[in-house]
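Numbering (the working numbering), first residue to last: 31 to 451.
Below you'll find the structure, written out as structure tokens, and then a few comments.
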Amino acid sequence: MMLINSCLSSIPMYAMGVFLFPDSIHKQFDRIRSRFYWAGLGDRKKYHMVNWGTMCMPKKFGGLGFTDTKIMNISLLAKWFLRLLGGQEGACFELLRSKYDSGGSYFGKRVQKGSYFWNSLMKFRMWYQKHCVFLVGDGRRVRFWEDIWVGDFPLRVSFAPLFDICADPGVLVYEARRNDWDVGFRRSLTQSETILWDNLHELCCSVSFKGGSDSIHWALDKSGYSVKSLYNWLSFHGVGDNDLKLVWKCVAPLKVRCFLWLAMRGRIQVGEQLGKKMWAGNPHCKLCHQIESVDHLLFQCPLSKFTWCFVRDSLNWLRCLEGISDIFSVLGGGLSSQQKINLLGVYAAVFWALWINRNDYVFNGVISVNVLNVPYRVTCFFDQEIGGSVKVQGLAPCSNPSVGQCRADKRAVRRAKLSSE
Numbered sequence: 031m032m033l034i035n036s037c038l039s040s041i042p043m044y045a046m047g048v049f050l051f052p053d054s055i056h057k058q059f060d061r062i063r064s065r066f067y068w069a070g071l072g073d074r075k076k077y078h079m080v081n082w083g084t085m086c087m088p089k090k091f092g093g094l095g096f097t098d099t100k101i102m103n104i105s106l107l108a109k110w111f112l113r114l115l116g117g118q119e120g121a122c123f124e125l126l127r128s129k130y131d132s133g134g135s136y137f138g139k140r141v142q143k144g145s146y147f148w149n150s151l152m153k154f155r156m157w158y159q160k161h162c163v164f165l166v167g168d169g170r171r172v173r174f175w176e177d178i179w180v181g182d183f184p185l186r187v188s189f190a191p192l193f194d195i196c197a198d199p200g201v202l203v204y205e206a207r208r209n210d211w212d213v214g215f216r217r218s219l220t221q222s223e224t225i226l227w228d229n230l231h232e233l234c235c236s237v238s239f240k241g242g243s244d245s246i247h248w249a250l251d252k253s254g255y256s257v258k259s260l261y262n263w264l265s266f267h268g269v270g271d272n273d274l275k276l277v278w279k280c281v282a283p284l285k286v287r288c289f290l291w292l293a294m295r296g297r298i299q300v301g302e303q304l305g306k307k308m309w310a311g312n313p314h315c316k317l318c319h320q321i322e323s324v325d326h327l328l329f330q331c332p333l334s335k336f337t338w339c340f341v342r343d344s345l346n347w348l349r350c351l352e353g354i355s356d357i358f359s360v361l362g363g364g365l366s367s368q369q370k371i372n373l374l375g376v377y378a379a380v381f382w383a384l385w386i387n388r389n390d391y392v393f394n395g396v397i398s399v400n401v402l403n404v405p406y407r408v409t410c411f412f413d414q415e416i417g418g419s420v421k422v423q424g425l426a427p428c429s430n431p432s433v434g435q436c437r438a439d440k441r442a443v444r445r446a447k448l449s450s451e
């Protein structure tokens, strides 16, 4: 995961700041990164359990936070367009202005025959336009209806009935002001439209013009345009997933947190899930010969039930968890963020111990005859991997680990005050 973010996702960054890559190139980037995540450097094909688009979603929306190269490409190119609008000096910008600037608004220009670089800027200018606020100087670069220059929205949104009947949707502020804000309409105004027009005229007359050239302000970041601000807006997916977001805050190794994320999505490589991908192996659990689903492996197998009973008694829970859905029910039960993070640490430890034990008998043929081995793995996880930084002291390894026994420190459990109620 770290290698993908720091290396593979960073390789095309410089080129994406100059050229708009075709969708086929972005798909190839995704294919390479996805294969590396699931299969590493080996030549053997492995199953991809989660769609790459989901994995590229920000962590607060339930993804893994990998870079979406297409969105990053658009965000990097926007920097050129905003610099051009802002009047930045330099040989490159002077060349662009002399070749393509014939006056008027850059957002209203038709995409003429030009270089691939210029056409790339024009292709996605609508994404930049949405967050550009103009400070009007003389109004020669600002469109009256389409650009944000008075209020928080374009006038075509604030006064939509008037925009629908306007004679020239692309009229500039300079032209409208010169004609005393008479923008022209295709027909006579109704009574309600006349009231709207009076309000619009009053609003326009209240604007003070500073003179000189028009300037631009980036609304998403007070300090000016940043690639991060546009990338975050383009990758916005509505309401965040608060439960999956907290997975990344629990104190556990990164690989364990990734496994917990997969488990909570029900996408770990158990027999049932692999069968959906046309896997030819045996989908049954090797211990109890039931169909090996995610809930079966982590909650319903006799060994899993014993482990959860151990955790329940150690932490004074009222009952054992019976499936992934129970986890979301517990996390949605009015607990504080820190309590949820602590609980996720417990879930991660149990899931990882059960997964390691399962892989031992699936791939190595090692079947433990002592049912306490898995609870012992859980206690060792807290003692070795986490190092006691999480306040769940009810789980502690005994002095003789070779026996595979565990004990619960009841006094520490009371101090932990963790409950799944």
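We put the beta carbon where it would ideally sit given N, CA and C, even for glycine.
Since the model is a prediction, treat every value here as computed from it, not as a measurement.
- For S245, the beta-bridge partners assigned by DSSP are L165.
- N312 and F137 have their C-alpha atoms spaced approximately 60 Å apart.
- The residue from F174, I371, I55 with its alpha-carbon nearest to that of V201 is F174.
- Look at I298 here: in three-state DSSP terms it is coil, with no helix or strand label.
- In this structure, K307 places its C-beta atom within 8 Å of the C-beta atom of Y77.
- By the Cβ neighbour-count rule, A197 is exposed, with fewer than 16 other Cβ atoms within 10 Å of its own.
- DSSP places C196 within a strand segment (E or B) once states are collapsed to three.
- Taking a contact as a CB-CB distance under 8 Å, the pair Y255 and K109 counts as one, their CB atoms being some 6 Å apart.
- Counting other Cβ atoms within 10 Å of its Cβ, S135 reaches 16 or more and is therefore classed as buried.
- Per DSSP, W278 is not a residue of any alpha helix (DSSP H), being assigned neither H nor E.
- Here F66 carries a helix assignment [DSSP, helix/strand/coil].
- Judged by DSSP in its simplified three-state form, R407 adopts helix.
- I178 carries a strand assignment under DSSP once its states are collapsed to helix, strand and coil.
- From the listed residues K129, G116, V257, L219, the smallest Cα separation to G47 is found for V257.
- With a contact defined as Cβ atoms closer than 8 Å, W382 and F266 miss out at about 32 Å.
- The three-state secondary structure of L50, taken from DSSP, is coil.
- Just so you know, the alpha carbons of Q299 and M152 end up roughly 45 Å apart.
- F59 has no beta-bridge partner at all, per DSSP.
- Counting C-beta pairs closer than 8 Å gives three or more between the region 275–286 and the region 365–376, which meets the contact rule.
- A Cβ-Cβ contact shorter than 8 Å links L250 with H161.
- The beta strand (DSSP E) runs of length 3 or more contained entirely in the region 227–273 are, from start to end of the chain, 245–248.
- About 4 Å separates the CB atoms of V172 and V203; that is less than 8 Å, so the two are in contact.
- Secondary structure of L202 (DSSP, three-state): strand.
- The bridge partners DSSP lists for R173 are L202.
- Of the other Cβ atoms in all chains shown, fewer than 16 fall within 10 Å of the Cβ of Y146; this residue is therefore exposed.
- By the beta-carbon neighbour count (other beta carbons within 10 angstroms, threshold 16), P42 is buried.
- Separation of T99 and K275 (C-alpha to C-alpha, rounded to the nearest whole angstrom) is 22 Å.
- Here I321 is bridged, per DSSP, to H314.
- If you draw a straight line from the Cα of L126 to the Cα of L115, it is about 11 Å long.
- Note that the C-beta distance between R388 and V80 is not below 8 Å.
- At least 8 Å separates the beta-carbon of G144 from that of K240.
- Here R407 is buried: its Cβ has 16 or more other Cβ atoms, across all protein chains shown, within 10 Å.
- Each residue's CA atom was taken as its position, placing R74 and F66 some 11 Å apart.
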